[in-house]
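This report concerns only the one structure given below.
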Amino acid sequence: MSARVRVELEWPRHNAVRAGDETYFFLERSGSVHLIHSRCPHRGGPLHLGEIEDERLRCPWHGSTFRVDRLCDRAVPTIQRGSSVVAYLPAGLGEAVPVHQMVFAS
1 MSARVRVELE WPRHNAVRAG DETYFFLERS GSVHLIHSRC PHRGGPLHLG EIEDERLRCP
61 WHGSTFRVDR LCDRAVPTIQ RGSSVVAYLP AGLGEAVPVH QMVFAS
């Protein structure tokens, strides 16, 4: 595993993590939370502002869709115990700060 930075947060009080210029947001599926990188791989759009339709997340910038299950499979490693979540973000992004922000994709 490559170098990771540990960040602790309280779900759902915190629904996202900012690390430098990057945003990661939570998707809740089947009782588990998944911390997803918000940058669309196609053109860099903010996926956390997209909508989920038929288990596909639509990028708000250009309409490309991504299967939610595949996004969850590629999520940042997390450990959840009740409302406490520990996430392991890639190192080198800057300080990881738990936040609560507008997230449409849920």
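Just so we're aligned: 25 in the UniProt record's numbering is position 25 of the sequence shown, and the numbers increase by one with no gaps anywhere. Where is the CB? At the ideal position from N, CA and C, for every residue including glycine.
- DSSP, read as helix, strand or coil, puts Leu93 in coil.
- When DSSP reads this structure, Glu53 sits in a beta bridge with Arg56.
- Contact annotation, Val86 with Glu8: C-beta distance approximately 5 angstroms; criterion of less than 8 angstroms satisfied.
- Below 8 angstroms, enough C-beta pairs join the stretch 15-34 and the stretch 67-75 to call them touching: three or more.
- In this structure, the straight-line span from the alpha carbon of Ile36 to that of Glu10 is close to 16 angstroms.
- Across the set Pro60, Trp61, Arg56, the C-alpha of Arg56 shows the shortest separation from the C-alpha of Arg67.
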